[in-house]
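Everything on this sheet refers to the single structure shown next.
Put into structure tokens, the structure is as follows:
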């Protein structure tokens, strides 16, 4: 046992990505002693490779609870971001400025128009999303010219963005400021439960706490099975690229495809591929992303691409988050989702009380494992 | 960039402009090394006002961005000097215009 005084904890978090770090920050801010056990930096890490969008308007078309969850997070984000900035001096560059959708061709525009109308019917008054014609879009975009094949689009003020790496480093900084500790290169390979304590064994020794949260992305299923929870998480690849710095060219992110960062770089993304545990980039996919970008904003043709990368989204079976406490081992929790940036503020605010023994917030209720047919929450 | 064994011996002298200053260089070297050899340490400025200059010299850090013959965002460290090229300190972000076609690296 290397569990000295400096590594005592009320709650152990297994997995130090954005999801685990958001929970740990919330717990530490509540006064809990919290420790994060994280594996290697070279592991698959969506937290280090994502696009940083806060997406609400395209969430939960077939699952209103998921829309409400995401929407609630977006309402919590402003205070979450400003508190994080004040406490750490690291600005996650959160901006709920809205997002533009562009449809190429009349058929795509007609389908998009119908989908937005149906969204509004399903969600009700909270759903704000306006269909725009070419002239409206051009006006919103400013001087950068819209591609000729863009038939129309829309704007939703519900959406926004953050700088994901700054958010991540801010969270890790804030956790430590609140007395939390983070152990890296410590892959947890075994979890034991004895006398009301969970013990996580790994490379740097064994650490114990009365409560344990598994938020290990793609590593979640193996660990969850050790606390009696059966959950499936599969990798879904997303490729993206970043360009040279150019003057500010378009004021709003363009859905799933383009965003310009404050220092001038433009990010072009993001593919959705089922290719297993493979986080390499491919020329064919990057080419098609670049083509889509240029089709929408032709001026991007001259912009140099500086870097390309891919990351793996951890996807649950139905694509929605999982918030589950073990029935066999109360005090052990499994939390996994692929929208760790959008949901960061909600995770920070709503999960700690539940993890510390309080009531599970009604927003989280629909996201237990009971909903998945083949899953047994033990 | 041509490999060194292709170069004349002794190397040909090349001159180019850096803002209003004439810089002497050897054929085959990069804009960044020629500037450093001439004592120029600062090749640009960030929009924040912070000065910048050649750092990694292998095209990775993008600290040496300059404007060359009218094109901004050129990495001085991986651009070979050419006779009479016009290099300027870059003090702002590259403008995005549709006129610039795709560029060779």
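Chains as they are written, first to last, in my numbering: chain A, 1 to 378; chain B, 1001 to 1105.
A virtual CB, placed ideally from N, CA and C, is assigned to each residue, including glycine.
Here the structure is a predicted model, which means the values were calculated and not measured.
Check, Outcome
"Cβ contact check for the region 53-60 of chain A and the region 6-24 of chain A: 3 or more pairs under 8 Å", "no"
"DSSP three-state assignment for residue 169 (chain A), whether helix, strand or coil", "helix"
"Where residue 219 (chain A) falls: helix, strand or coil (DSSP)", "helix"
"Whole-Å CB distance - residue 157 (chain A) paired with residue 98 (chain A), under 8 Å assumed", "4 Å"
"Residue from A:330, A:118, A:106, A:74 with nearest C-alpha to residue 62 (chain A)", "A:118"
"Residue-level contact to chain B via CB, residue 264 (chain A), 8 Å cutoff", "yes"
"Residues of the region 1029-1046 of chain B with Cβ closer than 8 Å to any Cβ of chain A, in chain order", "none"
"Residue 1055 (chain B) in three-state terms, based on DSSP", "coil"
"Under the three-state DSSP convention, the category residue 1044 (chain B) falls into", "strand"
"Exposed unless 16 or more other CB atoms sit within 10 angstroms - verdict on residue 216 (chain A)", "buried"
"Inter-residue CB distance, residue 18 (chain A) and residue 167 (chain A) (contact presumed, cutoff 8 Å)", "7 Å"
"Sequence ranges, beta strand (DSSP E) only - wholly within the region 245-275 of chain A, length at least 3", "258-260, 265-268"
"Which listed residue (A:148, A:43, A:183) has its alpha carbon closest to that of residue 202 (chain A)", "A:183"
"Residue 304 (chain A) at chain B interface by Cβ criterion, 8 Å", "yes"
"For residue 42 (chain A) and residue 174 (chain A), the rounded distance between their alpha carbons", "23 Å"
"6 Å CB neighbourhood of residue 347 (chain A) in its chain, flanking five on each side removed", "22, 23"
"Paired residues, beta bridge with residue 235 (chain A) - DSSP", "A:314"
"Cross-chain neighbours of residue 247 (chain A) in chain B, by beta carbon under 8 Å", "1092, 1093, 1094, 1095, 1096"
"Ordered list of beta strand (DSSP E) runs contained in the region 86-170 of chain A, each at least 3 residues", "99-104, 130-132, 150-156"
"Distance between residue 13 (chain A) and residue 185 (chain A) (C-alpha atoms, nearest Å)", "14 Å"
"Length of the line joining the Cα atoms of residue 339 (chain A) and residue 164 (chain A)", "12 Å"
"Alpha-carbon to alpha-carbon, residue 282 (chain A) and residue 308 (chain A)", "9 Å"
"DSSP bridge partner residues for residue 282 (chain A) (one or two, in chain order)", "None; residue 282 (chain A) has no bridge partner."
"Local conformation of residue 459 (chain A) per DSSP, three classes", "With chain A represented from 1 up to 378, any question about residue 459 (chain A) goes unanswered, as that position is not in the structure."
"The region 148-156 of chain A / the region 314-330 of chain A touching (three or more Cβ pairs under 8 Å)", "no"
"Residue of A:152, A:314, A:135 minimising C-alpha distance to residue 110 (chain A)", "A:152"
"Residue-chain proximity (residue 313 (chain A), chain B), Cβ-Cβ < 8 Å", "no"
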